[in-house]
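Report on one structure; see the data block that follows.
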Amino acid sequence: MRILDETNKKLPSFPNPTFAMNYLAHAYLSFDQEEVLVGNFIGDFVKGKMMSSFPQEVQNGIKLHRAIDKFTDTHPLVRAGQTYLRPQFGHYSTVITDIYFDYYLGKNWERYSDIPLEVFTQNTYRSIEKYEKIVPERFLGMFEWMRKDNWLLQYSSIAGIQKSLTGLSKRTRFDSKMELAHLALLEREAEFQVIFFAFFEDLETFAREKLIEIQDSNAGH
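Heads up: the sequence shown runs through residues 892 to 1112, numbered per the numbering used here.
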């Protein structure tokens, strides 16, 4: 997952306005473990010594979040997908593919879960709300907008990602052209879907095994 720095100062809920991308994937890849889910959501907002202030399973979720990001950033299928986008969108291609992948996950949700997506998203928000007293303040600013606009559900439609990408485009420091990125998806929707299915199979296997490894290494701490 990438964090996209913003310069729009009209968002008072954000001390340092930021938007994060593929939260639906991070929620799903927490494997129904609530404290892991919390860590998986706040991973980009935790720095240095902050880590030790969280319960062990939240720390495990933070570590899983970072492992997922690294795996995603270096996966050849992800890089192949970004080559389609880079001529038009430059380094914003990494942000756009994150949103694309949440789109495909949401669109094909029944393939991955027996819980309806609408129920899963609301359960996710309620789980995060339980830990609002311990998560970073900067995350809470972003989470307020996520919950209000229901990002986790919104990304499952073309109209939803168009709205999100347009909003991000208005706040980027440079001309990102992200307001046009939904058109690039429509042009190559079948190709990106093939990439997503193959990549996400690899990612789910990796994340499941990585979480077990992290938890085993921290057992008894």
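The beta carbon of each residue, even a glycine, is placed where N, CA and C say it ideally should be.
Proximity winner among A1089, N1014, I1025, R1062, relative to I1043 (alpha-carbon distances) | Taking the first residue of the sequence shown as position 1, residue 1043 is located at position 152. At residue 1043 the sequence reads Leu, which differs from the Ile that was named. L1043 has its Cα closest to that of N1014, out of A1089, N1014, I1025, R1062.
Residue range of the unbroken alpha helix (DSSP H) whose run includes G939 = Residue 939 sits at position 48 when you count from the first residue of the sequence shown. No alpha helix (DSSP H) contains G939, which DSSP labels as neither H nor E.
Taking Q973 as part of the alpha helix (DSSP H), name the residues at either end of that continuous run.
-> The residue labelled residue 973 in the question sits at position 82 within the sequence shown. 967 to 980 is the extent of the alpha helix (DSSP H) around Q973.
Going by the CB atoms, is the gap between D964 and M912 shorter than 7 Å?
-> Position 21 of the sequence shown, counted from the start, is the residue given in the question as residue 912. Position 73 of the sequence shown, counted from the start, is the residue given in the question as residue 964. No, they are not a contact pair.
Return the Cβ separation of I1086 and H1073 in integer angstroms, given the expectation that the two are a contact with Cβ distance under 8 Å.
-> For the purposes of this step, residue 1086 is identified with residue 195 of the sequence shown, where counting begins at 1. For the purposes of this step, residue 1073 is identified with residue 182 of the sequence shown, where counting begins at 1. A Cβ-Cβ separation of about 17 Å leaves I1086 out of contact with H1073 under the 8 Å criterion.
Sequence-distant residues of the same chain with beta carbon closer than 7 Å to Y1016, five excluded per side | By 1-based counting over the sequence shown, the position of residue 1016 is 125. Excluding residues within five positions, the ones whose Cβ falls inside 7 Å are R1038.
Should L1076 and G997 be called a contact, given that it needs their Cβ atoms to be closer than 7 Å?
-> Your numbering for residue 1076 matches position 185 in the sequence shown. Your numbering for residue 997 matches position 106 in the sequence shown. No Cβ-Cβ contact shorter than 7 Å links L1076 with G997.
Going by the beta-carbon positions, is the gap between N931 and H966 smaller than 7 Å?
-> Taking the sequence shown and counting its residues from 1, the one referred to as residue 931 is at position 40. Taking the sequence shown and counting its residues from 1, the one referred to as residue 966 is at position 75. For N931 and H966, no; Cβs fall outside 7 Å.
Status (buried if at least 16 other CB within 10 Å, exposed otherwise) for A1089 = For this step, residue 1089 is matched to residue 198 along the sequence shown. Exposed is the call here.
Is the stretch 939 to 953 touching the stretch 976 to 986 in the sense that three or more CB pairs, one from each, lie closer than 8 Å?
-> no
C-alpha distance - F1083 paired with R1064, whole-angstrom precision = Working through the sequence shown from its first residue, we reach residue 1083 at position 192. Working through the sequence shown from its first residue, we reach residue 1064 at position 173. The alpha-carbon atoms of F1083 and R1064 are separated by roughly 27 Å.
Neighbourhood of L1094 by C-beta distance below 8 Å, restricted to the same chain and skipping five residues each side | One-based indexing of the sequence shown puts residue 1094 at position 203. For L1094, where only same-chain residues beyond five positions count, the Cβ hits under 8 Å are A916, L920, I959, F962, T963, H966.
Buried or exposed for A1050, please, with buried defined as at least 16 other CB atoms from any protein chain shown within 10 angstroms of its CB.
-> Within the sequence shown, numbered from 1, the residue matching residue 1050 stands at position 159. The residue is exposed, with fewer than 16 neighbouring Cβ atoms inside 10 Å.
Rounded straight-line distance, which links the Cα of P1027 to that of K938 | For the purposes of this step, residue 938 is identified with residue 47 of the sequence shown, where counting begins at 1. For the purposes of this step, residue 1027 is identified with residue 136 of the sequence shown, where counting begins at 1. Near 10 Å, if we compare the C-alpha coordinates of P1027 and K938.
Where does A1110 fall in DSSP's three states?
-> Position 219 of the sequence shown holds residue 1110. It is coil, neither helix nor strand.
Whether Y1046 touches D993 by CB criterion (7 Å) = Your numbering for residue 1046 matches position 155 in the sequence shown. Your numbering for residue 993 matches position 102 in the sequence shown. Yes, they are a contact pair.
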